[in-house]
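Note sheet for the following structure.
Numbering (the working numbering), first residue to last: 615 to 1050.
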């Protein structure tokens, strides 16, 4: 199992680093504050001040921020550690400006607690790392006693969440929620599709926006039912009142749609991100062995798979816009599976949300501020302010004008350690070599 060893440009804990004459996007409001100086020491922001002010600190290194934009790092809230090459996964995340990640399943061959503890104790700057326990299905939760034991096991081991990925009988689902409340460990996951929507809204978060299609009686009765705005706003208000968070996960649906289209599937073979897919994964995801590819000629309820999944994607974009309009807190999640490549897929998700008509600031809230509040780390993450952790992204262009500009990454600071563009490129080359 590989561990993260790449060197950073500068920013040892004893160093004091200043971003000078930089445009700051603090994420406390939809504003750019020009010509600022942001000073970092011991992994923390210790000062945000006008660049014209005489500097009062002895600075080891100054980063020229002229014409550039400094903002908090991004969060990937639906990540799957798919190979045992942890180092390559982390490099892909950091190279794309991700400083917080939530792993969404412990696979049978993994020990996510050991991984998380090793990362946190290794002394090397890596993203904040949160994780669920094992992938839980109905076979794992057949009695109320099993539900109690599952929650208690998660609590003993130290997982951050209990994730359910299957429909459960009402009594077992309610017992799971009750035990989670007793043990102060959140229950999250897929919606309970066989129970009324209100039941699913009792979780802390629903991890796929598509779930709202499956719990709708209208969709169950007619797969191609066309929601009107009144339907969507009604659902949006109900979700807002529940206080639940909702993950977006549209990138995975775009991958499914690519698998169902011959031209798009052929293009995946030479896609610029394919080189960041491990060889074993390329052999599975980019061939006819791919399970999504096998659905190409199938019908669901009399509807061609390609037609149905395309319509689902359109609905998911529509739902996202309505939810934002109704102030439902979204979490940017890409669900890193198949050609949903860690790091890069988060930027895909941003683009899909902008295409849905959501303004850039609201998209950034869903990847920066909302995750910090959801994870209960807002006191130290999510904004640029004195006392916050120095998890930052330096951009060449203003992302508030166009969300695509958030890919113009000049550098990434993780816990006060700075990776410049040349080192980020080096990370990507090393991943390509490791996966060749």
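Just so it is clear, CB atoms sit at the ideal spot from N, CA and C, and this is done for glycine as well.
Cβ shell of residue 566 (< 6 angstroms), same chain only, five flanking positions each side left out: Residue 566 lies beyond the residue range present for the chain, which begins at 615 and ends at 1050; the question has no answer from this structure.
Check the C-beta distance from residue 765 over to residue 799 and give it rounded, since I have them as a contact under 8 angstroms. 6 angstroms
Neighbour-count burial assignment, residue 728, 16 or more Cβ in a 10 Å radius: exposed
For the ligand FAD, any of its heavy atoms closer than 7 angstroms to the Cβ of residue 851? This structure lacks the ligand FAD, and indeed carries no ligand of any kind.
Along the chain, where does the alpha helix (DSSP H) containing residue 987 start, and where does it finish? 983–988
Where DSSP assigns a beta bridge to residue 748, which residues make up the other side? 720
Going by other Cβ atoms of all chains shown within 10 Å of its Cβ, with 16 needed for buried, is residue 1028 buried or exposed? buried
In the DSSP assignment, find the unbroken beta strand (DSSP E) run with residue 1031 in it and report its ends. 1031–1034
For the segment 853–936, list the alpha helix (DSSP H) runs that are entirely contained and at least 4 residues long, ordered along the chain. 865–873, 876–882 and 893–899
Determine, using beta-carbon pairs with one atom in the segment 814–830 and one in the segment 856–871, whether at least three such pairs fall under 8 angstroms. yes
Element boundaries [alpha helix (DSSP H), containing residue 792]: 784–797
Could you tell me which residues DSSP puts in a beta bridge with residue 690? 715
Roughly how many whole angstroms lie between the Cα atoms of residue 702 and residue 1043? 10 angstroms
Hey, out of 1020, 1032 and 977, whose CA is closest to residue 1003's CA? 1032
Whether residue 749 touches residue 730 by CB criterion (8 angstroms): no
Nearest-angstrom Cα distance between residue 717 and residue 949? 10 angstroms
Among 911, 809, 900 and 932, the one whose alpha carbon lies nearest that of residue 864: 932
With C-beta atoms as the reference, is residue 653 less than 8 angstroms away from residue 661? yes
On the CB-based measure, 16 or more other CB atoms within 10 Å of its CB, does residue 671 come out buried or exposed? exposed
Got a sec, what are the start and stop residues for the beta strand (DSSP E) residue 632 sits in? 630–638
Taking Cβ to Cβ, would you say residue 761 is nearer than 8 angstroms to residue 720? no
Residue 912, buried or exposed, once every other Cβ within 10 Å from all chains shown has been counted against 16: exposed
Taking DSSP's pairing of strands, which residues face residue 651 in a bridge? 663
List the endpoints of the continuous alpha helix (DSSP H) containing residue 1028. Per DSSP, residue 1028 belongs to no alpha helix (DSSP H); it is in the beta strand (DSSP E), 1023–1028.
Considering residue 1006, what are the terminal residues of the beta strand (DSSP E) in which it resides? 1006–1009
Residue(s) in a DSSP beta bridge with residue 966: Residue 966 is not bridged to any residue.
According to DSSP, is residue 683 part of a helix, a strand, or is it coil? strand
Taking the alpha carbon of residue 674 as the reference point, which residue from 704, 685, 633 and 665 has its own alpha carbon closest? 633
Near residue 955, which residues of its chain fall below 6 angstroms by C-beta distance, leaving aside the five closest residues on each side in sequence? 887 and 890
Could you spell out the range, first to last residue, of the beta strand (DSSP E) harbouring residue 1000? Per DSSP, residue 1000 belongs to no beta strand (DSSP E) and is neither H nor E.
If you follow the alpha helix (DSSP H) that residue 829 is part of, which residue opens it and which one closes it? Note, residue 829: premise wrong, no alpha helix (DSSP H); not H, not E.
Three CB pairs or more closer than 8 angstroms across the segment 674–692 and the segment 997–1015: yes
Starting from residue 1059, follow the alpha helix (DSSP H) in both directions and report where the run begins and ends. Lying before the first or after the last residue shown, residue 1059 is absent from the chain, which here runs from 615 to 1050.
Hey, would you say residue 980 sits closer than 8 angstroms to residue 946, going by beta carbons? yes
On a CA-only basis, which of 961, 678 and 697 is nearest residue 1013? Give me that one, please. 961
Starting from residue 678, trace the beta strand (DSSP E) both ways and give me its first and last residue. 675–678
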